[in-house]
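Positions 216 to 314 (my numbering) are the ones given, in order, by the sequence shown.
Yeah, the Cβ is synthetic: ideal placement off N, Cα and C, and Gly gets one too.
Only a predicted model underlies this, so the values are computations on that prediction, with no experimental measurement involved.
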Amino acid sequence: MSSPADTAVASDPEWTFVLFPEERPTEEQSDAFDRCDDLASGEIGWETRGGRENVVFPCAVEAPHLEDAVAWAADRLKKVGISVTQAHMQIPLIGGESE
Numbered sequence: 216m217s218s219p220a221d222t223a224v225a226s227d228p229e230w231t232f233v234l235f236p237e238e239r240p241t242e243e244q245s246d247a248f249d250r251c252d253d254l255a256s257g258e259i260g261w262e263t264r265g266g267r268e269n270v271v272f273p274c275a276v277e278a279p280h281l282e283d284a285v286a287w288a289a290d291r292l293k294k295v296g297i298s299v300t301q302a303h304m305q306i307p308l309i310g311g312e313s314e
């Protein structure tokens, strides 16, 4: 399956964010994630943080708007039975670090 950028303007930005599942994915969902053609292009990763129980999905998706990118990624995860409850994005400060 193509990302939103495949049907949008070629100059769409790449949005990077992390999706958090409602609960730890099951073994069956993990297997489905690994085999899903809609996830084969690599825009959505699978990471464990702070132990095996904390799974997150780092994403890098080209789309016209952040909302489009998050909705696209959440929809792909839903296809393998994984519900997303949160999306986090790091926003850099303009002008350097605050003191």
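Name the residue from the options whose alpha carbon lies nearest to the alpha carbon of residue i.
i: Arg291; options: Glu238, Gly265, Leu308, Gly260; result: Gly260
i: Val285; options: Thr231, Asp227, Ser226; result: Thr231
i: Glu258; options: Gly310, Lys293, Phe272, Ala247; result: Phe272
Taking only three categories from DSSP, how would you classify residue i?
i: Gly287; result: Note that residue 287 is Trp in the sequence shown, not Gly. In this structure, Trp287 counts as helix in the three-state DSSP scheme.
i: Leu234; result: strand
i: Glu277; result: strand
i: Glu243; result: helix
i: Glu262; result: strand
Can you name, in chain order, every residue of its own chain whose Cβ lies under 6 angstroms from the Cβ of residue i, other than the five neighbours on each side?
i: Arg239; result: Glu268, Val270
i: Gln244; result: Val295, Gly296, Ile297
Would you kindly report the start and end of the unbroken beta strand (DSSP E) that includes residue i?
i: Ala302; result: 299-303
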